[in-house]
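Trainee:
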Amino acid sequence: AQSVTQPDIHITVSEGASLELRCNYSYGATPYLFWYVQSPGQGLQLLLKYFSGDTLVQGIKGFEAEFKRSQSSFNLRKPSVHWSDAAEYFCAVGAVKAAGNKLTFGGGTRVLVKP
Amino acid sequence: EADIYQTPRYLVIGTGKKITLECSQTMGHDKMYWYQQDPGMELHLIHYSYGVNSTEKGDLSSESTVSRIRTEHFPLTLESARPSHTSQYLCASSLGRVGIETQYFGPGTRLLVL
Numbered sequence: 102a103q104s105v106t107q108p109d110i111h112i113t114v115s116e117g118a119s120l121e122l123r124c125n126y127s128y129g130a131t132p133y134l135f136w137y138v139q140s141p142g143q144g145l146q147l148l149l150k151y152f153s154g155d156t157l158v159q160g161i162k163g164f165e166a167e168f169k170r171s172q173s174s175f176n177l178r179k180p181s182v183h184w185s186d187a188a189e190y191f192c193a194v195g196a197v198k199a200a201g202n203k204l205t206f207g208g209g210t211r212v213l214v215k216p
Numbered sequence: 095e096a097d098i099y100q101t102p103r104y105l106v107i108g109t110g111k112k113i114t115l116e117c118s119q120t121m122g123h124d125k126m127y128w129y130q131q132d133p134g135m136e137l138h139l140i141h142y143s144y145g146v147n148s149t150e151k152g153d154l155s156s157e158s159t160v161s162r163i164r165t166e167h168f169p170l171t172l173e174s175a176r177p178s179h180t181s182q183y184l185c186a187s188s189l190g191r192v193g194i195e196t197q198y199f200g201p202g203t204r205l206l207v208l
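Chains as they are written, first to last, in our numbering: chain E, 102 to 216; chain S, 95 to 208.
#1: Closer than 8 angstroms, Cβ to any Cβ of chain C: which residues of the region 146 to 177 of chain E, in chain order?
#2: When DSSP labels each residue in this structure, what does E/R170 get in the three-state scheme?
#3: Counting pairs of Cβ atoms below 8 angstroms between the region 145 to 158 of chain E and the region 103 to 116 of chain S, do you hit three or more?
#4: For E/Q159 and E/F152, what's the separation of their Cα atoms in angstroms?
#5: Could you spell out the range, first to last residue, of the beta strand (DSSP E) harbouring S/A186?
#6: As a quick exercise: from E/H111, E/A130, E/A118, E/V105, pick the residue whose alpha carbon is nearest that of E/P216.
#7: Using only alpha-carbon positions, find the residue among S/L172, S/V207, S/G202 that is nearest to S/T180.
#8: Residues bridged to S/C117 by DSSP?
#9: Can you check which of these residues, E/S181, E/G208, E/H111, E/S171, is closest to E/F164 by C-alpha distance?
#10: Going by the beta-carbon positions, is the gap between E/E116 and E/W184 smaller than 8 angstroms?
#11: For a test of the three-state rule: what should DSSP assign to S/S148, helix, strand or coil?
#12: Can you list the residues of chain E that S/M135 reaches, using a CB-CB cut of under 8 angstroms?
#13: Can the beta-carbon of S/L184 be found less than 8 angstroms from the beta-carbon of S/Q131?
#14: Might you give, ordered along the chain, the residues of its own chain that have their beta carbon closer than 7 angstroms to the beta carbon of E/S140, omitting 5 neighbours on each side?
#15: With distances taken between CB atoms, is the gap from S/T165 to S/V146 smaller than 8 angstroms?
#16: Using a Cβ-Cβ cutoff of 7 angstroms, what residues of the region 137 to 150 of chain S are near chain E? List them in chain order.
#17: Starting from E/G129, find everything on chain S with Cβ-Cβ shorter than 7 angstroms and list it in chain order.
#18: Restricting to Cα atoms, I'd like to know which of S/S161, S/Y142, S/S148, S/H167 is closest to S/S155.
#19: Count the other CB atoms, across all protein chains shown, that sit within 10 Å of the CB of E/T131; report buried if there are 16 or more and exposed otherwise.
#20: Quick one: what does DSSP say S/S178 is sitting in, helix, strand or coil?
#21: Taking only beta-carbon atoms, is E/L204 less than 8 angstroms away from chain S?
#22: For the beta strand (DSSP E) containing E/V182, name the first residue and the last one.
#23: Whole-angstrom Cβ separation of S/H123 and S/S188, contact assumed at under 8 angstroms?
#24: Among E/I112, E/W136, E/V105, E/L177, which has the Cα closest to the Cα of E/Y128?
#25: Quick one: what's S/M126 bridged to in DSSP?
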């Protein structure tokens, strides 16, 4: 069965500083990987996804993520954070089952942005 | 922007009441999902549907039930709410026949059972 670990529960970063959120996955085949963001009181919004091809994936809001098979990682990065980036971020791995698709989510990383 | 809606957004209800959480999507997606998310925790899949009249239980056991009579509608029902059901419930949908497709999420329903 697949699993996702987000080692950092909370991260505090100053506005304008860079941000990197870690994600490690466990899956027996080629993974399908996602990053979602959840603002307070909201649902999840897709930031980016990796299915195949270029291992550096660009997403919305200036985010990017790099798939590293050798490290089983899919870390999310942003060069310069904005106060509006304060939210909870979830990494997820997708598995194709015989009857369809399922996502497994990590525990999330809450990002706080200091002025 | 995904067109998936959930009502109510917030619900406070007493123990023993029957409740139905509504989820609808206007994107024509064939697959729909219900996740449960406790505060500050990850999402757990509790139900999913691959089409009309198709429903399956997810990874996390839940006392709730679902139905899929119409493509666009996937309601979740609790026959007798208990305080242990207090949580946030997120609905999602996706479209595709082969491989992995992106799941789009609704805004969620925060349920508090007193």
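Note that CB positions come from ideal geometry on N, CA and C, so glycine has one too.
Mentor: Per the coordinate set shown:
#1: The structure shown contains no chain C; its protein chains are E and S.
#2: E/R170 falls in the helix class under three-state DSSP.
#3: Counting Cβ pairs under 8 angstroms, fewer than three are found: no touch.
#4: Using only the alpha carbons, I get a separation of about 13 angstroms.
#5: Taken as a continuous stretch (DSSP letters only), the beta strand (DSSP E) holding S/A186 covers 181 to 188.
#6: Checking every option, the nearest Cα to that of E/P216 belongs to E/A118.
#7: Looking at the Cα atoms, S/V207 is the closest of the given residues.
#8: The bridge partners DSSP lists for S/C117 are S/Q100.
#9: Per the Cα distances, E/S181.
#10: Taking 8 angstroms as the cut-off, the Cβ atoms of E/E116 and E/W184 count as close.
#11: S/S148: strand per DSSP, three-state reduction.
#12: Those are G208, G209, listed as they occur along chain E.
#13: In contact: S/L184 and S/Q131 (Cβ atoms closer than 8 angstroms).
#14: Cβ neighbours of E/S140 beyond the five flanking positions: A188.
#15: The Cβ atoms of S/T165 and S/V146 sit closer than 8 angstroms to each other.
#16: Residues passing the 7 angstroms Cβ filter: L137, L139, Y144.
#17: Correct list: empty, because the minimum Cβ distance to chain S is about 15 angstroms.
#18: Comparing Cα-Cα distances from S/S155 to each of S/S161, S/Y142, S/S148, S/H167, the minimum goes to S/Y142.
#19: Answer is exposed; the Cβ neighbour count stays below 16.
#20: Helix, per DSSP.
#21: Chain S, which has a Cβ nearer than 8 angstroms to the Cβ of E/L204, makes this yes.
#22: Counting along the chain, E/V182 falls outside any beta strand (DSSP E), and DSSP gives it neither H nor E.
#23: Going by Cβ atoms, the distance from S/H123 to S/S188 rounds to 6 angstroms, so yes, they are a contact pair.
#24: Looking at the Cα atoms, E/V105 is the closest of the given residues.
#25: Beta-bridge pairing links S/M126 to S/S143, S/S187.
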